[in-house]
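Colleague: Residue 660, in the working numbering, is where the sequence shown stops; the numbers in between run on with no holes. Every residue, glycine too, gets a C-beta built ideally from N, C-alpha and C. As the structure is a computational prediction, the values presented were derived from the model and not from experiment.
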Amino acid sequence: MKTSTPMLSLVVFLAGLSTAWSTRVHAGPQPPAAARKLTLAAYTTPREAYGKELLPGFAQHWKQKTGEEVKFQESYQASGAQARAIIGGFEADVAALSLEADVDKIAGAKLITHDWKAGEHGGMVTRSIVVIAVRKGNPKNIQDWDDLAKPGVKVLTPNVKTSGGAMWNIAAIYGAALRGSTSAKKGDVAGAVDLLARILRNVEIMDKGARESMITFENGIGDAAITYENEVLVGRMAGKDYEYVVPRSTVLIENPVAVVDVYAARHDNRELADAFVQYLFTLEAQRAFGRYGLRPVDARAMDELKDKLPRVSDQFTVRDLGGWPQLSKTVFNDGGVYDRAIALKDRKN
Numbered sequence: 312m313k314t315s316t317p318m319l320s321l322v323v324f325l326a327g328l329s330t331a332w333s334t335r336v337h338a339g340p341q342p343p344a345a346a347r348k349l350t351l352a353a354y355t356t357p358r359e360a361y362g363k364e365l366l367p368g369f370a371q372h373w374k375q376k377t378g379e380e381v382k383f384q385e386s387y388q389a390s391g392a393q394a395r396a397i398i399g400g401f402e403a404d405v406a407a408l409s410l411e412a413d414v415d416k417i418a419g420a421k422l423i424t425h426d427w428k429a430g431e432h433g434g435m436v437t438r439s440i441v442v443i444a445v446r447k448g449n450p451k452n453i454q455d456w457d458d459l460a461k462p463g464v465k466v467l468t469p470n471v472k473t474s475g476g477a478m479w480n481i482a483a484i485y486g487a488a489l490r491g492s493t494s495a496k497k498g499d500v501a502g503a504v505d506l507l508a509r510i511l512r513n514v515e516i517m518d519k520g521a522r523e524s525m526i527t528f529e530n531g532i533g534d535a536a537i538t539y540e541n542e543v544l545v546g547r548m549a550g551k552d553y554e555y556v557v558p559r560s561t562v563l564i565e566n567p568v569a570v571v572d573v574y575a576a577r578h579d580n581r582e583l584a585d586a587f588v589q590y591l592f593t594l595e596a597q598r599a600f601g602r603y604g605l606r607p608v609d610a611r612a613m614d615e616l617k618d619k620l621p622r623v624s625d626q627f628t629v630r631d632l633g634g635w636p637q638l639s640k641t642v643f644n645d646g647g648v649y650d651r652a653i654a655l656k657d658r659k660n
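In structure tokens, the structure reads:
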């Protein structure tokens, strides 16, 4: 059958229109890509630094670099509890915890598979010191560790079974005692245990984490709280009027961060998680940590704060006490120094 010329022209026109429409549809604007999600599991103390500056700062950095939006799932709890949660199945891409030993537990569970201590700072992203928070005007005249053992002084410190901060607190007192900076003789383990027992006898409440312990202090309980320096500084930024005392001898707190390889890979987040951890070591991020009372590991950022933070007469590290594996075995494992101090405290009550 013959097709008329007008009909043929109409068919060609409609076919061309259909092709043009199809081209315009496919060339039109595409819907925005879904935001990437990164899960951060952290200890309680740096909550403000992460939430107010570091996470928004990295999101902006990543958007400028890649055009992608990043959303964060955040979890904050006591460091030991956080480590157990990750090992138990909480799929954090990044773990930012209080102490090396907690990250080592995650690595021991085969969830962190890279050498997380490689690099200039050994995996440590921030520092602080253990101090004593006191009431305004220091009415109990607390100047050093031995003052916490005096009758009538009510003390707060978290529970070592859940809190990395609590472990730092015990390490600070124990180390100071062994170094001869307290009433205990230098190198006298029994004397160090006795000092710990006398201080623990005055402890009113053992909260599960450092932040909860400071909230208890802010609620008017206790004369003194053993805590991170930055916990006091963050509280003072929020208008609290308590003060703090730096003991003559105290420990340098070193806080680690690491990508949790297995979970980051499962979420197809390895590149994103690596970039976030790297960002935390930038000068911008280190300055942000400093604004929230932490002591930066970056020398430039720390130098900017040197006249604002008190110096420690005798500052030591966990390495001076044999390192976390040794300290865990001799102090915190069953039957160790801490258990002996608790038993001695209870016998003398």
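Near residue 549, which residues of its chain fall below 7 Å by C-beta distance, leaving aside the five closest residues on each side in sequence?
Modeller: So the list is empty, once near-sequence residues are dropped.
Colleague: For residue 656, count neighbouring Cβ atoms within 10 angstroms of its own Cβ and tell me buried if that reaches 16, exposed if not.
Modeller: Classification for residue 656: buried.
Colleague: With DSSP as the reference, label residue 387 as helix, strand or coil.
Modeller: Residue 387: strand per DSSP, three-state reduction.
Colleague: Using DSSP bridges, identify the partner residues of residue 627.
Modeller: Beta-bridge pairing links residue 627 to 562.
Colleague: How about residue 729 and residue 391: are their beta carbons less than 8 Å apart?
Modeller: No information on residue 729 is available, as it lies outside the stretch 312 to 660 that the chain covers here.
Colleague: Under a three-way DSSP split, which group does residue 421 fall into?
Modeller: Here residue 421 sits in coil by DSSP.
Colleague: I'd like the span of the beta strand (DSSP E) that includes residue 349, first residue to last.
Modeller: It spans 347-353 - the beta strand (DSSP E) in which residue 349 sits, taken as one unbroken run.
Colleague: Enumerate in chain order the residues of its own chain whose CB-to-CB distance from residue 292 is below 6 Å, with the five nearest sequence positions on each side excluded.
Modeller: An answer regarding residue 292 cannot be provided, because it is not within the stretch 312 to 660 covered by the chain.
Colleague: Looking only at DSSP bridge pairs, what is residue 606 linked to?
Modeller: 438, per the DSSP bridge assignment.
Colleague: Would DSSP call residue 641 helix, strand or coil?
Modeller: In the structure shown, residue 641 sits in a helix (DSSP, three-state: H, G or I).
Colleague: When you compare the CB positions of residue 533 and residue 515, do they come within less than 8 Å of one another, or not?
Modeller: Yes; because the gap between Cβ atoms is below 8 Å, this pair is in contact.
Colleague: CA-CA distance, residue 528 and residue 445?
Modeller: If you take the alpha carbons of residue 528 and residue 445, they lie about 9 Å apart.
Colleague: In angstroms with no decimal places, state the Cα-to-Cα distance between residue 442 and residue 584.
Modeller: One C-alpha to the other measures close to 33 Å.
Colleague: Would residue 621 and residue 557 be called neighbours here (beta carbons separated by less than 8 Å)?
Modeller: Result yes, Cβ atoms of residue 621 and residue 557 sit closer than 8 Å.
Colleague: Residue 574 lies in the alpha helix (DSSP H); which residues open and close that run?
Modeller: Element bounds for residue 574: 572-577.
Colleague: Name, in chain order, the residues that DSSP records as bridge partners for residue 554.
Modeller: DSSP, once it has assigned bridges, lists 445 as partnering residue 554.
Colleague: For residue 377, does the count of other Cβ atoms within 10 angstroms reach 16, so buried, or fall short, so exposed?
Modeller: Answer is exposed; the Cβ neighbour count stays below 16.
Colleague: Applying the 10 Å Cβ sphere with the 16-neighbour rule, what's the burial state of residue 577?
Modeller: Exposed: under 16 other Cβ atoms inside 10 Å.
Colleague: From this set, 505, 546 and 381, which residue's C-alpha is nearest residue 530's C-alpha?
Modeller: Out of 505, 546 and 381, 546 has the C-alpha closest to the C-alpha of residue 530.
Colleague: Counting beta carbon pairs with one atom in the stretch 456-473 and one in the stretch 535-546, are three or more of them shorter than 8 Å?
Modeller: Short answer: they touch.
Colleague: At which residues does the alpha helix (DSSP H) containing residue 510 begin and terminate?
Modeller: Where residue 510 is concerned, the enclosing alpha helix (DSSP H) stretches over 500-511.
Colleague: What distance in whole Å lies between the Cβ atoms of residue 354 and residue 393, which are believed to be in contact at a cut-off of 8 Å?
Modeller: Between residue 354 and residue 393 the Cβ distance is about 6 Å, and since that is below 8 Å, they are a contact.
Colleague: Please look up how many angstroms separate the CB atoms of residue 555 and residue 565, rounded, as I've assumed it's under 8 Å.
Modeller: With 8 Å as the limit, residue 555 and residue 565 do not qualify as a contact, their Cβ atoms being about 19 Å apart.
Colleague: Just tell me which of 658, 653, 356 and 593 has its CA closest to the CA of residue 507.
Modeller: Among 658, 653, 356 and 593, the Cα nearest to that of residue 507 is on 653.
Colleague: Apart from the five residues on each side of it in sequence, which residues of its chain come closer than 8 Å, Cβ to Cβ, to residue 405?
Modeller: Once the five neighbours on either side are set aside, the close Cβ partners of residue 405 are 349, 350, 351, 352, 568, 569, 570, 571, 575, 584, 587 and 588.
Colleague: Just the C-alpha distance for residue 332 and residue 593, rounded to the nearest angstrom, thanks.
Modeller: Residue confidence is low: residue 332 scores 38 on pLDDT, short of 50, so the model does not pin down where it sits. Its coordinate-derived value is still stated next. The straight-line gap from Cα to Cα measures roughly 50 Å.
Colleague: When we look at the beta-carbon of residue 609 and count the other beta-carbons within 10 Å, is it buried (16 or more) or exposed?
Modeller: It is buried - the Cβ of residue 609 has at least 16 other Cβ atoms within 10 Å.
Colleague: To the nearest angstrom, report how far apart residue 397 and residue 425 are at their CA atoms.
Modeller: The alpha-carbon atoms of residue 397 and residue 425 are separated by roughly 16 Å.
Colleague: Quick check on residue 617: does DSSP put it in helix, strand or coil?
Modeller: Coil, per DSSP.
Colleague: DSSP beta-bridge partners for residue 567?
Modeller: Answer by DSSP bridge pairing, in chain order: 435.
Colleague: With burial defined as no fewer than 16 other Cβ atoms inside 10 Å of the residue's Cβ, what is the status of residue 458: buried or exposed?
Modeller: So residue 458 ends up on the buried side.
Colleague: Residue 538 by DSSP, collapsed to three states: which one?
Modeller: In the structure shown, residue 538 sits in a strand (DSSP, three-state: E or B).
Colleague: Just how far apart, CA to CA, sit residue 418 and residue 429?
Modeller: Roughly 14 Å between the two C-alpha positions.
Colleague: Determine, using beta carbons only, whether residue 595 and residue 368 come nearer to each other than 8 Å.
Modeller: Yes, these two residues count as a Cβ contact at 8 Å.
Colleague: Are residue 649 and residue 500 closer than 8 Å when you measure CB to CB?
Modeller: For residue 649 and residue 500, no; Cβs fall outside 8 Å.
Colleague: Give the DSSP-derived three-state secondary structure of residue 594 in the structure shown.
Modeller: Looking at residue 594 - three-state DSSP - the assignment turns out to be helix.
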